[in-house]
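Asker:
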Amino acid sequence: MIKRWQAVATATLVAAAVALFVVGRSTTAEPVDLTTTGARYTATVRIADPAPGQVTVEIEVSEGDPDTVALSAVMTQMGHSTPEISATERAPGRFVAVGELFPMSGVWELSIRLDGPAGEEQLAVRTLITK
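The sequence shown runs 1 to 131 under my numbering.
1. Please go through the same chain and pick out, in chain order, the residues whose beta-carbon is closer than 8 Å to the beta-carbon of M78, but skip the five residues on each side of it.
2. First and last residue of the beta strand (DSSP E) that includes T60?
3. Spell out a yes or no on whether the region 57–72 and the region 114–129 are touching, meaning 3 or more CB-CB pairs, one atom from each, closer than 8 Å.
4. Do A70 and S81 have their beta-carbon atoms positioned less than 8 Å apart in this structure?
5. Around the C-beta of T37, are 16 or more other C-beta atoms found within 10 angstroms, so that it is buried, or is it exposed?
6. Leaving out five residues on either side along the sequence, give the residues of the same chain with a beta carbon under 7 Å from the beta carbon of A29.
Right, here's the structure in full:
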């Protein structure tokens, strides 16, 4: 009787550990790095936690020297778009934008608007946002 109880308790603990592992992995998205090149600028976008809600997006401009950078997002399948968010320059060629770009999970097109001495250019990248 005691051995059966121990087997049930062990099986329950193992099932709970597996469930916690699966739930923990599904709620934490992997960081996303996306690079895009236009006629005037090359930018790499890093989204540390690509999930719906407030996000921090880092933009590194490796070609071109923009004075301003702004981001917006569009989910064409659902007809959603977000207002433009201005990025703050933290160091030469490095910008950070904080705001709600992705109100829901799905495939989003992130637009990066760069403006500087070389002129204005809008670059775009697609990314999957998950919960």
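Cβ atoms here follow ideal geometry from the backbone N, Cα and C, with glycine treated the same way.
Answerer: The relevant details are as follows:
1. M104, G106
2. The residue you asked about is not Thr; residue 60 is Glu in the sequence shown. Run containing E60: 53–63, per the beta strand (DSSP E) assignment.
3. yes
4. No, Cβ-Cβ distance for S81 and A70 is not below 8 Å.
5. The residue in question, T37, is exposed, as its Cβ has fewer than 16 Cβ neighbours within 10 Å.
6. Closer than 7 Å at Cβ, skipping near neighbours: D49, P50, A51, T130.
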